[in-house]
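One structure is given here, and the rest of the page talks about it.
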Amino acid sequence: MKVNWLIIGAGYSACVLAERIATQLAQKVLIVERRDHIAGNAYDYYNEHGILVHKYGPHIFHTKSKKVWDYLSQFTEWRHYFHHVLGVIEGKKVPIPFNLNSLYALFPPRYAEKLEELLLEKFGFGVKVPILKLRESANGELEFLANYIYENVFLRYTTKQWELKPEELDRGVTGRVPVYISRDNRYFQDTYQAMPKHGYTEMFRRMLAHPNIKLLLNTDYREIINDIKFNRIICTGPLDNFFDYMHGELPYRSLRFQFDTLDQECYQEVGTVNYPNEYDITRITEQKYLSGQTLPKTTLVMEYPQPFVPGKNDPYYPIPREENRERCELYLKEVEKLNGSVLFAGRLADYKYYDMDQATLRALGLFEKEIAV
Ligand code: FAD
Ligand code: UDP
7 MKVNWLIIGA GYSACVLAER IATQLAQKVL IVERRDHIAG NAYDYYNEHG
57 ILVHKYGPHI FHTKSKKVWD YLSQFTEWRH YFHHVLGVIE GKKVPIPFNL
107 NSLYALFPPR YAEKLEELLL EKFGFGVKVP ILKLRESANG ELEFLANYIY
157 ENVFLRYTTK QWELKPEELD RGVTGRVPVY ISRDNRYFQD TYQAMPKHGY
207 TEMFRRMLAH PNIKLLLNTD YREIINDIKF NRIICTGPLD NFFDYMHGEL
257 PYRSLRFQFD TLDQECYQEV GTVNYPNEYD ITRITEQKYL SGQTLPKTTL
307 VMEYPQPFVP GKNDPYYPIP REENRERCEL YLKEVEKLNG SVLFAGRLAD
357 YKYYDMDQAT LRALGLFEKE IAV
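In case it helps, the working numbering puts the sequence shown at residues 7 to 379.
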């Protein structure tokens, strides 16, 4: 077989690039995917109860980028959906990100009012304050509040998820879920928030439906690389693995997902409930909130954080912190030596904590700047 491009992986990064190359440049692409399906970690399927579930954990689409929204909208219709999350704090379920409503749910009204006034005075309404910043800048009663939120919302959740404390990670990690001085209970505030109407997998199926795109599933690219003629490679798999770990392993975190189907219509009040302080899980997501289905049963997915063990489980999260970035830099120097014969993009190949929209934007950018030139 002869193709212009060999693409490793079949997730967002790979599929966006394959689609662009096939339709805009009329070049031939072979996608090689280790798993038995497309869509990468966004893969979803209907389980035996007819409920659309996300095999690799709950994926909620949200973006500020019109470019990403317009691009993906070519391949799917959408069901508008605002994700809501509650966190169990001292036995009460309160809105996450922690906001003014959370304050009133946890503290007596007069005290909550006082804390609200102090927050408004210091930061102003509508402002998002990452917990580490709140802790640094708060004093007096606000210092109490900052420590309370740190202890009850962030510390144990983060320790479960990463085996690290919030301050041992890049600030952006806990900054993804900032304290929000507002009464908006939505998990995200992006302009575009929606779920693909027929699921992510169907969206990817449409993206890849082009005669210039061939797909090989259940295959590690190393098994076929010597049997295929190609001009260039795009790698969306792990960066360290591509280079045979020559500079050591880039650390990742993994998860174990447990699915449970209950013989009842509904289990919890919102899409996701976080358990920062209890159990070994971080959160429970009820899939039907994401799909909008009305069915007599309901499927839940529980997330158990795990160390990543190559060959045993999957690398889901790059671990954003200085020492890992330094190691990543060593690999990026190897990338430079390849002079563009191999391009890298994606959460694993860039070793960056991308959301789906960021992976899409990165792939579109790579296409525009380094492929379609
Ligand atoms: P991937 O989807 O990881 O695709 C890489 C593919 O490469 C994989 O399918 C892998 O099997 C394949 N591969 C690797 N090595 C090889 C090899 N040697 N040969 C062949 N194939 C190989 N984002 C959001 O925007 N919203 C969310 O709510 C959200 N929730 C998430 C929840 C969890 C638990 C996780 C883990 C991620 C979540 N994300 C979410 C992030 C989202 O999954 C990623 O942004 C997106 O999937 C990245 O796409 P990708 O193509 O870069 O990587
Ligand atoms: N986080 C936390 N408590 C929460 C929610 C989030 O400590 O109730 C921290 C935790 O470190 C987590 C990070 O914020 O890993 C980012 O959360 P997000 O929900 O964005 O994680 P993802 O959906 O990517 O797993």
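Note that the Cβ used here is the ideal one computed from N, Cα and C, for glycine as well. Note that the coordinates shown come from a computational prediction; the quantities given were computed from them, not determined experimentally.
With burial defined as no fewer than 16 other Cβ atoms inside 10 Å of the residue's Cβ, what is the status of residue i: buried or exposed?
| i | result |
| --- | --- |
| residue 21 | buried |
| residue 150 | exposed |
| residue 143 | exposed |
| residue 200 | buried |
| residue 278 | buried |
| residue 26 | buried |
| residue 30 | exposed |
| residue 194 | buried |
| residue 332 | exposed |
| residue 145 | exposed |
| residue 233 | exposed |
| residue 387 | The displayed coordinates of the chain run from 7 to 379. Any statement about residue 387 would go beyond what the structure contains. |
| residue 46 | buried |
| residue 379 | exposed |
| residue 39 | buried |
| residue 250 | exposed |
| residue 241 | buried |
| residue 352 | buried |
Rounding to the nearest angstrom, what Cα-Cα distance links residue i and residue j in this structure?
| i | j | result |
| --- | --- | --- |
| residue 23 | residue 276 | 35 Å |
| residue 204 | residue 85 | 9 Å |
| residue 141 | residue 114 | 22 Å |
| residue 80 | residue 209 | 9 Å |
| residue 318 | residue 89 | 32 Å |
| residue 53 | residue 325 | 31 Å |
| residue 246 | residue 252 | 7 Å |
| residue 320 | residue 59 | 18 Å |
| residue 257 | residue 174 | 14 Å |
| residue 91 | residue 179 | 17 Å |
| residue 334 | residue 284 | 34 Å |
| residue 43 | residue 337 | 28 Å |
| residue 134 | residue 295 | 26 Å |
| residue 212 | residue 292 | 27 Å |
| residue 62 | residue 48 | 7 Å |
| residue 266 | residue 305 | 6 Å |
| residue 373 | residue 127 | 46 Å |
| residue 224 | residue 14 | 12 Å |
| residue 235 | residue 12 | 9 Å |
| residue 348 | residue 248 | 10 Å |
| residue 132 | residue 69 | 19 Å |
| residue 366 | residue 28 | 16 Å |
| residue 71 | residue 196 | 9 Å |
| residue 244 | residue 315 | 13 Å |
| residue 371 | residue 355 | 15 Å |
Measuring alpha carbon to alpha carbon, tell me which of the options ends up nearest residue i.
| i | options | result |
| --- | --- | --- |
| residue 159 | 129, 134, 94 and 200 | 94 |
| residue 65 | 251, 229, 17 and 169 | 17 |
| residue 170 | 313, 351 and 338 | 313 |
| residue 309 | 328, 288, 301 and 68 | 288 |
| residue 368 | 185, 82, 77 and 36 | 77 |
| residue 155 | 184, 12, 63 and 300 | 184 |
| residue 323 | 361, 336, 292 and 302 | 361 |
| residue 97 | 306, 280 and 207 | 280 |
| residue 264 | 353, 34 and 307 | 307 |
| residue 327 | 350, 73, 345 and 177 | 177 |
| residue 56 | 354, 298 and 147 | 298 |
| residue 157 | 268, 120, 259 and 282 | 282 |
| residue 9 | 230, 51, 269 and 316 | 230 |
| residue 440 | 161, 218, 356 and 197 | Because the chain is modelled from 7 through 379, residue 440 falls outside the range shown and cannot be assessed. |
| residue 166 | 51, 271, 260 and 300 | 260 |
| residue 51 | 290, 207, 375 and 87 | 207 |
| residue 202 | 345, 375 and 67 | 67 |
| residue 130 | 137, 186 and 116 | 186 |
Mind checking which residues open and close the alpha helix (DSSP H) that includes residue i?
| i | result |
| --- | --- |
| residue 107 | 106 to 112 |
| residue 137 | 137 to 143 |
| residue 148 | 147 to 155 |
| residue 164 | 162 to 168 |
| residue 76 | 72 to 78 |
| residue 118 | 115 to 129 |
| residue 177 | 177 to 181 |
Starting from residue i, trace the beta strand (DSSP E) both ways and give me its first and last residue.
| i | result |
| --- | --- |
| residue 99 | 98 to 102 |
| residue 29 | Not the beta strand (DSSP E): residue 29 falls in the alpha helix (DSSP H), residues 18 to 30. |
| residue 93 | 91 to 95 |
| residue 286 | First-last for residue 286: undefined, no H or E at that position. |
| residue 264 | 258 to 268 |
| residue 50 | 50 to 52 |
Could you check whether the Cβ of residue i sits closer than 6 Å to any heavy atom belonging to ligand 3?
| i | result |
| --- | --- |
| residue 167 | No copy of ligand 3 occurs in the structure displayed; its ligands are ligand 1 and ligand 2 alone. |
Checklist entry - Enumerated in chain order, which unbroken segments of the alpha helix (DSSP H) with a length of 4 residues or greater are wholly contained in the stretch 296 to 366? => result 328 to 343
Item to check | beta strand (DSSP E) runs wholly inside the stretch 204 to 250, at least 3 long, in chain order | outcome: Runs of the beta strand (DSSP E) inside the stretch 204 to 250: 219 to 222 and 238 to 241.
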